[in-house]
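Just below is one structure, and these are the notes that go with it.
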């Protein structure tokens, strides 16, 4: 912006003269000249009038001038100059008559790029120079400029003073005013813009004005209001037939089908007559209509249940949110006793099952079709279809209450009322009862024709649970809710019945003596045999403990829902809060979250879900795992909290184990636990497996990956969903689904899964735990593992493994099932080790030669190939290797596969066993040597 084009100059010395000359176009111009080059020490000043700075903080001075070359002037050597000085003085006074030279501040010494000579003047060639200097003026309202001549021959042609601004502009629908640049050449002036008409801020609009008068770095901006769109930097109203519902949209949109807008600037389009838009519909959605009535409504009666099915309406109204409401005119509104499955209102499916109706009764059912605009249209309620049915004879409803009328030491007299809905003539009642402590594991049944029963043969001072159900010609109804009653007690019940006291004392004493003798015989027989046969012991335990709960296979139920409802608790999905995904299971995602049940504290849980698109078999297999877990109650068995089966996705809720699977946990904390801690983990697993074996449950997939660890290092057996491929598939023994490395030989070969095969797997788990998650049999493939087991090979002791633990592993890996220990014996052994930790100090690394000598006395006392071959079950190659000169570990380490082929060791699995076992043995010895070395 120009401050002055031509400024008036005042000569402070007579040496500056105002002279008219002709420019290059022969136009006369006025100049100020000075040319005192013959006299030394020139000091000639020329000053401008007061110049207002008009808010500028830095001004620019453009000077156009001519200057004569000193060399073209004769006799002026030493006095002629070819430069002049530029000064400025800031002032608030417009008319200062006299300003001292010392008050001026020097801007710069100005030199000419082009100078002229006498010849140039003769030829009328004007060599004009243009120089620009910038001056910072910030303290006064205006300023003066001054030019000092120090002995040059110079003519000032023009002086132009100006400052720079960033011009008014519009960016991102924000207006930025004309802005003066900053005081410094590198400064940026921040300016906040203002939104144009019919717009609002999206983000505060800002730009920076640079020192060169250019706008920089636009930030933020504005958006056109609803009903307006951006065009040419302004906001214009949407024309009729268009609308804009959100300011974030750049342009107006055409009205969707069946709608219109009649005015400019519309924010939404109105629906045509007969068409509607729901409150939840976005403005971009087409206007729609309510559906027509459902089609082809049919019914099927089954006793007191009715199945209603229908076809969707012929006209859905252009929407996909059609739902159905089912209403019975007889029970409108229906009470809690009439059940609609999956529901009475808001149905997504075209089928509903109505149950708990009255027998021999007429019902009229009406099915209404509705969608999101039925309420707005006022026509949805009338779009319905109806059907009339008559229910059949049905089983009676449950008995509502039971009372006790008489109580003795061994009997209870019960009475009850007829069911609320007998649905016919009651033919008889069935009473089921059991001791409360048995939890329905062993119950008895009795039948009666009256509404009462005398139950005899009960135990004194015992709480019994009773259920009663009625039967008509249509069959039995459901059992009633449980009712608990207790028998009386007598301190001496037998004496009270006339039994002689002396006889009673002798009888009790005799029974006690017999029990002591039996216990002594049992202990002696147990000590004579290392381990009794597993199958016989299991049968003896069941015989001696008839009250032990026996596992019920859920696959024996025709309906899997019956099993899941019998053994698992249904949980309301609203009480589950899923927080994050922690893994993937066989059937879907596994998440962690929280469970809050009414009246209980909130707990952390793990949530397994069944992925969408599942088959009936996948659903059955998924629920069967919950049916299995629901039967177990032990601190070392993963606890089932409940299931979700009444909505999708199906879920299994279990307790949350913070440290995850045991194998990954051990690998993460390699070498960080004491031997006692590891034995404690093994003890917990053995305790859980003993509980399962007592219930006659065979796990089939016991491995460290299927053991979960909580924050207190408690190990719990999990994963009860292994498919029964060995029974269902004759080729299953050689499929990848079978955990070959953990499975006993008879289970692989003959599908003989028993508690003894679980004991074999437990031995592998012991090896995993002591080796901190090492993979059993390392990199050997499954076929080589099977061959190695058949030929007697067993895993060697891991590094620093106590001898007694490895011996227990070897006992678990006995070829004959009957020779393996039971889980009860394993548990006892581990308890002894924990009570006597000194027995865990001897490891294989202490004296491998002595250990092998004790285990294999056939060999010579010193270490030899014979000892090592016997330890890996390949003693058949003893003579071959000894004859070839392989008599030490060091020499055997040089044995290659090619050399083994030459010596006749052709079986690939045997070669792999030799190589792997040698490397493991040498590694154990080297690590032991490192641990026992004493620094010099």
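Numbering (UniProt numbering), first residue to last: 1 to 936.
Note that beta-carbon positions come from the ideal geometry of N, C-alpha and C, so glycine has one too.
N-terminal and C-terminal residue of the alpha helix (DSSP H) that residue i is part of
i: residue 762; result: 755–770
i: residue 617; result: 616–629
i: residue 823; result: 823–835
i: residue 782; result: 782–790
i: residue 695; result: Premise fails: residue 695 is in no alpha helix (DSSP H) and is neither H nor E.
i: residue 749; result: 745–750
i: residue 883; result: 878–883
Own chain partners of residue i with C-beta closer than 8 Å, once the 5 adjacent residues on each side are dropped
i: residue 982; result: Residue 982 lies beyond the range of the chain shown here (1 to 936); nothing can be said about it.
i: residue 40; result: 78, 79, 151
i: residue 20; result: 28, 29, 30, 31
i: residue 196; result: 170, 173, 174, 175, 222, 233, 234, 235
Status (buried if at least 16 other CB within 10 Å, exposed otherwise) for residue i
i: residue 148; result: buried
i: residue 606; result: buried
i: residue 547; result: Any reading at residue 547 is ruled out, since the residue's pLDDT is 45, under 50, leaving its predicted position unreliable.
i: residue 748; result: buried
i: residue 857; result: Per-residue confidence for residue 857 stands at a pLDDT of 40, beneath the threshold of 50, marking its modelled position as unreliable; no derived number is given.
i: residue 445; result: exposed
i: residue 32; result: buried
i: residue 688; result: buried
i: residue 256; result: buried
i: residue 282; result: exposed
i: residue 37; result: buried
i: residue 629; result: buried
i: residue 526; result: Only weak support is given to the placement of residue 526: the predicted model assigns it a pLDDT of 44, under 50, and the question is left unresolved by the model.
i: residue 705; result: buried
i: residue 774; result: buried
i: residue 185; result: exposed
i: residue 112; result: buried
i: residue 98; result: exposed
i: residue 429; result: buried
i: residue 18; result: exposed
Top-ranked residue by Cα proximity to residue i, from the options
i: residue 365; options: 327, 270, 667, 256; result: 327
i: residue 659; options: 716, 628, 635; result: 716
i: residue 625; options: 83, 654, 292; result: 654
i: residue 817; options: 827, 745, 153; result: 745
i: residue 35; options: 69, 58, 776; result: 69
i: residue 284; options: 274, 253, 291, 309; result: 253
i: residue 620; options: 707, 339, 563; result: 563
i: residue 169; options: 400, 206, 18, 134; result: 206
i: residue 310; options: 317, 293, 316, 301; result: 293
i: residue 758; options: 586, 277, 435, 698; result: 698
i: residue 808; options: 820, 694, 815; result: 820
i: residue 467; options: 182, 460, 447, 461; result: 447
i: residue 873; options: 830, 791, 799; result: 791
i: residue 939; options: 876, 130, 427, 280; result: A query on residue 939 cannot be resolved here, the shown segment of the chain reaching from 1 to 936 and no further.
i: residue 211; options: 772, 220, 799, 167; result: 167
i: residue 793; options: 912, 895, 750; result: 912
CB-CB length for residue i against residue j, believed under 8 Å
i: residue 226; j: residue 288; result: In fact, because the Cβ distance is near 23 Å, the residues do not count as touching under 8 Å.
i: residue 451; j: residue 417; result: 7 Å
i: residue 479; j: residue 398; result: 7 Å
i: residue 568; j: residue 640; result: 6 Å
i: residue 871; j: residue 788; result: Rounded, the Cβ-Cβ distance is 13 Å, inconsistent with contact.
i: residue 363; j: residue 391; result: 7 Å
i: residue 209; j: residue 175; result: About 14 Å; that fails the 8 Å criterion.
i: residue 107; j: residue 60; result: Not quite, the Cβ-Cβ distance comes to about 11 Å (not below 8 Å), so this is no contact.
i: residue 608; j: residue 590; result: 5 Å
i: residue 385; j: residue 367; result: 5 Å
Boundaries (first-last residue) of the beta strand (DSSP E) holding residue i
i: residue 27; result: Careful: residue 27 lies outside any beta strand (DSSP E) and carries neither H nor E.
i: residue 739; result: Note, residue 739: premise wrong, no beta strand (DSSP E); not H, not E.
Same chain, Cβ closer than 6 Å to residue i, five either side skipped, listed in chain order
i: residue 529; result: With a pLDDT of only 45 at residue 529, under the threshold of 50, the placement of this residue in the model should not be trusted; the figure read from the coordinates follows. Correct list: empty, nothing qualifies.
i: residue 710; result: 657, 658
i: residue 432; result: 443, 445, 467
i: residue 15; result: 34, 36, 44
i: residue 299; result: 306, 308, 387, 389
Close Cβ partners of residue i (< 7 Å) along its chain, the five nearest in sequence each way excluded
i: residue 550; result: 695, 696
Chain E contact for residue i (CB, 7 Å cutoff)
i: residue 65; result: In the displayed structure, chain E is absent; only one protein chain is listed.
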